[in-house]
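A quick write-up on the structure given underneath.
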C-alpha cells in the first residue's frame with residue numbers, strides 16, 4: 001500500500017476491512033493516480049478496533065469506501081474494479097480523478113493519449129494558444145460539470161502541425177461510447193454546457209453483464225447492434241451515429257458482442273448466422289423488433305426502421 005501524504009486534492013479514501021479481495025484494486029487506483037502526479041491517501045480501517053470512526057462515517061456493511069474532500073464525506077457506489085467503467089458510477093480511478101484538481105487539464109506533452117486511455121468521460125477542447133477568451137470560458141463552466149466529465153484543453157500554436165478542423169472544436173472521449181463525438185461552431189457558455197450535459201452519456205454504448213441492469217431499469221427501448229467482431233460493431237455504430245444522436249434520450253443504442261453473448265442475440269430474435277444485425281427491445285411492452293437481416297444496414301434503413309415503430313408517450317412501441 002503506497003504511503004502517500006501529499007494531498008494536492010485534499011482528499012482521503014477510507015476503506016473498511018475485511019477487504020482483502022479488493023485491496024489490490026484500491027492500491028492499483030492510487031498507483032494510477034500517482035502516474036499523473038495526483039497523490040491520494042488510501043487508509044484502511046478495521047471497524048472492530050475503530051468502531052467510533054466507522055460510526056462517524058455511517059458504515060454498516062463491509063467492505064465500504066468513503067471519500068472525504070474539503071470536509072465533506074460521500075459514498076462510493078461504483079465498480080470495485082480499479083479501472084473497469086460502470087455507466088452510472090464510473091470506476092474507482094475515474095471517480096477519484098473527478099474529485100481532484102485541476103478542473104481543466106492541460107493536455108500537452110502526451111497527456112491527451114493518457115486521458116483517452118483512462119475510464120473517464122473526457123471533453124477535450126482544441127483552441128489557438130492565443131485564444132484567451134475561449135480558454136477563460138472553459139474554466140468558467142468546468143466547476144458545474146465536475147463529477148460528470150473531465151475537461152481538458154489542447155492549445156495549438158502557429159508552429160504546430162495542421163489540425164483536423166477549424167479551431168476551436170471539442171472532441172468527446174467516452175469509455176462506454178463506440179463513436180467519438182465532435183462539437184464545432186460558435187463556442188459560448190450555454191451551447192458548450194448543453195453539449196457537455198448531453199455527451200456525459202454515450203451515444204452508442206455497450207451491452208454486457210455489467211451494463212444490462214442499468215439498461216433494463218431505465219425502461220427506455222434499447223437498439224442492439226449485434227456483430228462478431230469489434231471492427232464490425234464500430235462500423236455499424238458509426239453508420240447509425242446520426243440516428244442515435246437524433247433519438248438520444250428516447251432510445252438507447254448499444255453494441256452486443258455475439259462471439260461472447262450470441263445466445264442473447266438469438267433470444268432477441270436474430271439469426272446469428274446472418275450478422276451483423278440490429279434489433280430493438282421494448283422493455284415496457286416486452287417485445288422485440290428485429291431489422292430485416294437480408295438487407296444491408298445503412299443509416300437511411302435504420303432511420304426508416306426506427307420511424308416505422310410507433311412510440312407512444314409511455315415509451316411502448318408497436319408496428
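In full-length UniProt numbering, the protein residues as written are 1 to 319. For every residue, glycine included, the Cβ atom is placed at its ideal position computed from N, Cα and C.
Contacting residues, own chain, Cβ-Cβ under 6 angstroms from residue i (five flanking each side not counted)
{"i": "residue 245", "result": "203"}
{"i": "residue 183", "result": "170, 195"}
{"i": "residue 75", "result": "none"}
Three-state class that DSSP yields for residue i in the structure shown
{"i": "residue 261", "result": "helix"}
{"i": "residue 207", "result": "coil"}
{"i": "residue 283", "result": "coil"}
{"i": "residue 242", "result": "helix"}
{"i": "residue 57", "result": "coil"}
{"i": "residue 154", "result": "strand"}
{"i": "residue 88", "result": "Residue confidence for residue 88 is low, a pLDDT of 46 falling below 50, so the modelled location carries little weight and cannot support an answer."}
{"i": "residue 3", "result": "For residue 3, the predicted model reports a pLDDT of 36, less than 50, meaning its position is unreliable; a value from the coordinates is still stated below. DSSP places residue 3 in coil when its eight states are reduced to three."}
{"i": "residue 24", "result": "helix"}
{"i": "residue 44", "result": "strand"}
{"i": "residue 221", "result": "coil"}
{"i": "residue 143", "result": "helix"}
{"i": "residue 309", "result": "coil"}
{"i": "residue 303", "result": "helix"}
{"i": "residue 342", "result": "With the chain covering 1 to 319 only, the question about residue 342 has no answer from this structure."}
{"i": "residue 184", "result": "strand"}
{"i": "residue 165", "result": "coil"}
{"i": "residue 75", "result": "strand"}
{"i": "residue 129", "result": "coil"}
{"i": "residue 266", "result": "helix"}
{"i": "residue 138", "result": "helix"}
{"i": "residue 215", "result": "helix"}
{"i": "residue 170", "result": "strand"}
Among the options, the one whose alpha carbon lies nearest that of residue i
{"i": "residue 144", "options": "194, 220, 68, 57", "result": "194"}
{"i": "residue 61", "options": "72, 47, 306, 74", "result": "47"}
{"i": "residue 228", "options": "249, 276, 307", "result": "276"}
{"i": "residue 295", "options": "274, 286, 34, 264", "result": "274"}
{"i": "residue 293", "options": "286, 266, 287", "result": "266"}
{"i": "residue 134", "options": "186, 180, 238, 218", "result": "186"}
{"i": "residue 237", "options": "50, 55, 181", "result": "181"}
{"i": "residue 303", "options": "264, 251, 268", "result": "251"}
{"i": "residue 287", "options": "49, 59, 219, 272", "result": "219"}
{"i": "residue 23", "options": "55, 92, 190, 59", "result": "92"}
{"i": "residue 297", "options": "26, 232, 50", "result": "232"}
Short Cβ contact (8 angstroms threshold) for residue i with residue j
{"i": "residue 173", "j": "residue 127", "result": "no"}
{"i": "residue 224", "j": "residue 301", "result": "no"}
{"i": "residue 289", "j": "residue 309", "result": "yes"}
{"i": "residue 107", "j": "residue 154", "result": "yes"}
{"i": "residue 141", "j": "residue 243", "result": "no"}
{"i": "residue 221", "j": "residue 280", "result": "yes"}
{"i": "residue 196", "j": "residue 240", "result": "no"}
{"i": "residue 139", "j": "residue 104", "result": "yes"}
{"i": "residue 226", "j": "residue 270", "result": "yes"}
{"i": "residue 264", "j": "residue 198", "result": "no"}
Cutoff 8 angstroms; reference residue i; Cβ partners in own chain excluding five residues on either side
{"i": "residue 122", "result": "115, 116, 149, 150, 151, 152, 172, 173, 174"}
{"i": "residue 188", "result": "137"}
{"i": "residue 259", "result": "228, 229"}
{"i": "residue 55", "result": "none"}
Close beta carbons around residue i, own chain, < 7 angstroms, minus the five adjacent residues each side
{"i": "residue 53", "result": "45"}
{"i": "residue 129", "result": "155, 156, 157"}
{"i": "residue 272", "result": "258, 262, 265, 266"}
Proximity test, Cβ basis, 8 angstroms: residue i and chain B
{"i": "residue 165", "result": "Absence of chain B from the displayed structure is noted, only one protein chain being present."}
**Study point:** Cβ pair count under 8 angstroms reaching 3, the stretch 194-213 against the stretch 255-265
**Key:** yes
Practice item. Report yes or no: do three or more beta-carbon pairs, one from the stretch 162-169 and one from the stretch 214-231, lie closer than 8 angstroms? Key: no
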